[in-house]
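Trainee: Quick one: the structure is below, questions incoming.
Residue numbers (the numbering used here): 529 to 779.
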């Protein structure tokens with residue numbers, strides 16, 4: 529029986545599952561949003577949350593506990609620019625050692641290592657600008673990411689691009705934008721994680737809505753070998769015009 533119990537524990541460790549919650553929250557200062565955000569954190573059972581468009585210049589632990597459980601004791605953020613942009617990522621320090629690589633107005637890059645099995649990987653949370661010159665700077669920055677062969681990277685968030693004109697429910701898309709975005713993806717050798725069961729992640733919230741997929745999830749090639757059971761699942765949208773998504777990372 530002891531041998532079986534030890535074997536069972538070993539199997540559990542080797543098949544470790546982490547959850548990441550990714551969501552463009554469209555502002556995090558409003559008190560009425562805090563319970564909605566907390567509910568999504570609880571629903572996703574996430575170990576890491578990544579929120580874009582926080583519209584907040586600075587974060588402190590005393591503010592984060594308004595919308596996140598106390599287990600999220602580590603965090604990093606990119607400040608908002610005026611009343612727009614802003615990113616925050618929070619994680620459970622009992623599960624991960626995390627360090628920030630770089631912070632931009634449009635992205636945060638971090639290194640994570642699991643305290644359970646020492647898996648090492650890089651996470652990039654993106655908030656893509658909608659207009660130049662910031663949009664061109666974002667594209668140039670992303671294209672120059674140094675993703676080495678054999679490294680595990682996951683890139684996620686609001687890229688503010690679509691890959692195909694079919695990523696809209698209406699005509700009038702910008703074909704040149706799709707070419708720019710796909711060229712960067714091909715240049716980096718990224719693998720798209722498909723969104724299960726939903727075609728679009730953003731709505732303009734009109735009676736006859738425009739729907740687009742503007743939130744994306746990509747990994748490096750090596751990721752598919754080390755974390756083959758990685759899935760992206762949309763959650764119900766309680767607020768914001770973006771759909772929250774849960775990324776389940778399975779070893």
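Even glycine gets a Cβ: it sits at the ideal position worked out from N, Cα and C. Please read these numbers as outputs of a predicted model, since none were measured by experiment.
1. Do you know how far the Cα of residue 635 is from the Cα of residue 687?
2. Comparing alpha-carbon positions, which option in 560, 597, 580 lies nearest residue 571?
3. Any contact between the segment 587-595 and the segment 644-660? By contact I mean 3 or more CB pairs, one from each, below 8 Å.
4. Just how far apart, CA to CA, sit residue 691 and residue 600?
5. Counting Cβ pairs, one atom from each stretch, are 3 or more of them under 8 Å apart for the segment 665-676 and the segment 724-744?
6. Please determine, among 747, 728, 748, 751, the residue with the shortest C-alpha to C-alpha distance to residue 740.
7. Starting from residue 568, follow the alpha helix (DSSP H) in both directions and report where the run begins and ends.
8. Relative to the alpha-carbon of residue 655, which residue among 724, 608, 618 has its alpha-carbon at the smallest distance?
9. Taking the beta strand (DSSP E) that residue 712 falls in, what are its first and last residues?
10. Apply the 10 Å Cβ neighbour rule to residue 758 and answer buried if 16 or more other Cβ atoms are within range, or exposed otherwise.
11. Helix, strand or coil: how does DSSP classify residue 644 here?
12. Look up residue 762 in the DSSP assignment and give the residues it is bridged to.
13. Three-state secondary structure (DSSP) at residue 749?
14. How long is the line joining the alpha carbons of residue 705 and residue 699, rounded to whole angstroms?
15. Look up residue 576 in the DSSP assignment and say whether it is helix, strand or coil.
16. Since residue 603 is in the beta strand (DSSP E), which residue starts that stretch and which ends it?
17. Would you kindly work out how many angstroms separate the C-alpha atoms of residue 602 and residue 764, rounded to a whole number?
18. For the beta strand (DSSP E) holding residue 624, just list the boundary residues, first then last.
19. Determine the extent of the alpha helix (DSSP H) in which residue 665 is found, giving its start and end residues.
20. Residues in the same chain with beta-carbon distance under 6 Å from residue 766, minus the five sequence neighbours each way, listed in chain order, please.
21. Express the C-alpha separation of residue 742 and residue 694 in angstroms, rounding to a whole number.
22. Can you look up residue 548 in the DSSP assignment and give me helix, strand or coil?
23. Could you give the DSSP three-state label for residue 799: helix, strand or coil?
24. Check whether the segment 548-560 touches the segment 569-584, counting contact only when three or more Cβ pairs, one atom from each stretch, lie closer than 8 Å.
Mentor: The relevant details are as follows:
1. 10 Å
2. 597
3. no
4. 33 Å
5. Counting Cβ pairs under 8 Å, fewer than three are found: no touch.
6. 728
7. 562-572
8. 608
9. From DSSP, residue 712 is part of no beta strand (DSSP E) but of the alpha helix (DSSP H) over 703-716.
10. buried
11. coil
12. 773
13. Here residue 749 sits in coil by DSSP.
14. 14 Å
15. strand
16. 602-606
17. A straight line joining the alpha-carbon of residue 602 with that of residue 764 spans about 26 Å.
18. 624-632 is the span of the beta strand (DSSP E), which, as asked, contains residue 624.
19. 662-671
20. Once the five neighbours on either side are set aside, the close Cβ partners of residue 766 are 564.
21. 12 Å
22. strand
23. Beyond the ends of the chain as shown, which are 529 and 779, falls residue 799; an answer cannot be given.
24. yes
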